[in-house]
Amino acid sequence: MKVNYNLNIVGDKTNKKILLIHGVGFSYANCFKSIIAKLSKTYCIISPELPGHGNNTLGRLSSVEDVAEDLEKSLMLEDIVNIECAYGISLGASIALQISLNKKINVNNLIIDGGQYESMGEMIEPFSKVMAEQFDNLKNGIHLIEDVRKGMGYGDNDVITLKHMMYPFITRDTLYQAFKMAYKYDIKNKVEKLTMPVCIMFGKKETYASKYIDLIRSKSISDVRVVSFDNVGHAEVLGLNPELIINEIEKVL
């Protein structure tokens, strides 16, 4: 085992379990605060802190596959092997999907919000550098450049939507490693199948999210449901209207 992840477990461990995995640059506490407050009254919530995204994190951001494996081992150390619903945002969606493919942890329902599931190839390096710089600025309240905002589905509302969810002490190198990990993840040639119901979630202003619908369906042998939110960008629902995320999670419990 490479690392025992810092798992934040809230609620009665005998209750049905919900796994929440945050995205690049985010803090679990900041982006899932209201979701945890609401659902932990009835369910057991587990939310890991990815390396470099919290005060007490361990490990490194090498690949989605490696992080998923380390997280699985950490869950099993806590005797957690059954997850009623796994929800991931952005990079967290890719990790949640990989855990679901691995089947070492039994995931009964999967919700993936705005993830990326196909490698960017030769663009991995330049995109990772640009996005690391942009998110480093974002944590300090500086707007993303226009091209990045357009791709994510934002106008001038990027700071108010995303900044409050970020881990304020994240480094540019951690951001670079995290984006690089996200951009090289690829499920096209994976032989494993998703056997649980899947909900693909995204904002309709995201320019890339909907292109993965057919790819996810090709890897699924159960129901695939698509939930798209009007007039919002990447992670905007989580940042400003998390009750909509709560509603979607509660639908599958």
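Counting the sequence shown from 1 gives a position; the working numbering is that position plus 16. Glycine included, C-beta positions come from ideal geometry on N, C-alpha and C. Note that the structure is a prediction, hence the values are computed from the model and not measured.
Please state if the CB of residue j and the CB of residue i are separated by a distance shorter than 8 Å.
{"i": "residue 160", "j": "residue 99", "result": "no"}
{"i": "residue 206", "j": "residue 235", "result": "yes"}
{"i": "residue 37", "j": "residue 112", "result": "yes"}
{"i": "residue 40", "j": "residue 194", "result": "yes"}
{"i": "residue 181", "j": "residue 77", "result": "no"}
{"i": "residue 16", "j": "residue 239", "result": "Given a span of 17 to 269 for the chain in the structure shown, any question on residue 16 remains unanswerable."}
{"i": "residue 177", "j": "residue 264", "result": "no"}
{"i": "residue 126", "j": "residue 214", "result": "yes"}
{"i": "residue 261", "j": "residue 51", "result": "yes"}
{"i": "residue 66", "j": "residue 58", "result": "no"}
{"i": "residue 174", "j": "residue 165", "result": "yes"}
{"i": "residue 232", "j": "residue 211", "result": "no"}
{"i": "residue 24", "j": "residue 60", "result": "no"}
In three-state DSSP terms, what is residue i?
{"i": "residue 247", "result": "coil"}
{"i": "residue 5", "result": "Residue 5 lies beyond the stretch modelled for the chain, which goes from 17 to 269, so this question has no answer here."}
{"i": "residue 126", "result": "strand"}
{"i": "residue 210", "result": "strand"}
{"i": "residue 204", "result": "coil"}
{"i": "residue 64", "result": "strand"}
{"i": "residue 37", "result": "strand"}
{"i": "residue 103", "result": "strand"}
{"i": "residue 18", "result": "Low confidence applies to residue 18: its pLDDT is 46, below 50, so where it sits in the model is not reliable, and the reading given next is rough at best. Note: residue 18 maps to coil in three-state DSSP."}
{"i": "residue 96", "result": "coil"}
{"i": "residue 83", "result": "helix"}
{"i": "residue 236", "result": "strand"}
{"i": "residue 265", "result": "helix"}
{"i": "residue 111", "result": "helix"}
{"i": "residue 176", "result": "helix"}
{"i": "residue 131", "result": "coil"}
By the 10 Å Cβ neighbour count, where 16 or more other Cβ atoms means buried, how is residue i classified, buried or exposed?
{"i": "residue 64", "result": "buried"}
{"i": "residue 171", "result": "exposed"}
{"i": "residue 92", "result": "exposed"}
{"i": "residue 169", "result": "buried"}
{"i": "residue 162", "result": "exposed"}
{"i": "residue 28", "result": "exposed"}
{"i": "residue 190", "result": "buried"}
{"i": "residue 141", "result": "exposed"}
{"i": "residue 84", "result": "buried"}
{"i": "residue 75", "result": "buried"}
{"i": "residue 139", "result": "exposed"}
{"i": "residue 94", "result": "exposed"}
{"i": "residue 17", "result": "Because residue 17 sits at a pLDDT of 36, beneath the cut-off of 50, its placement in the model cannot be relied upon, and the following sentence gives the value as read from the coordinates. Exposed, since its Cβ has fewer than 16 Cβ neighbours within 10 Å."}
{"i": "residue 22", "result": "buried"}
{"i": "residue 144", "result": "buried"}
{"i": "residue 158", "result": "exposed"}
So who's on the other strand from residue i, going by DSSP bridges?
{"i": "residue 218", "result": "244"}
{"i": "residue 182", "result": "42"}
{"i": "residue 146", "result": "Bridge partners of residue 146: none, in fact."}
{"i": "residue 24", "result": "63"}
Write down the C-beta distance between residue i and residue j rounded to the nearest angstrom, noting that I regard them as a contact closer than 8 Å.
{"i": "residue 209", "j": "residue 244", "result": "Between residue 244 and residue 209 the Cβ distance is about 24 Å, and since that is not below 8 Å, they are no contact."}
{"i": "residue 47", "j": "residue 256", "result": "Their Cβ separation, rounded to whole angstroms, is 11 Å, which puts residue 47 and residue 256 out of contact at 8 Å."}
{"i": "residue 70", "j": "residue 43", "result": "7 Å"}
{"i": "residue 102", "j": "residue 123", "result": "5 Å"}
{"i": "residue 121", "j": "residue 216", "result": "20 Å between Cβ atoms; not a contact."}
{"i": "residue 119", "j": "residue 155", "result": "Contact doesn't hold; Cβ gap of about 36 Å is too wide."}
{"i": "residue 12", "j": "residue 130", "result": "Missing from the structure shown is residue 12; the chain here goes from 17 to 269 and no further."}
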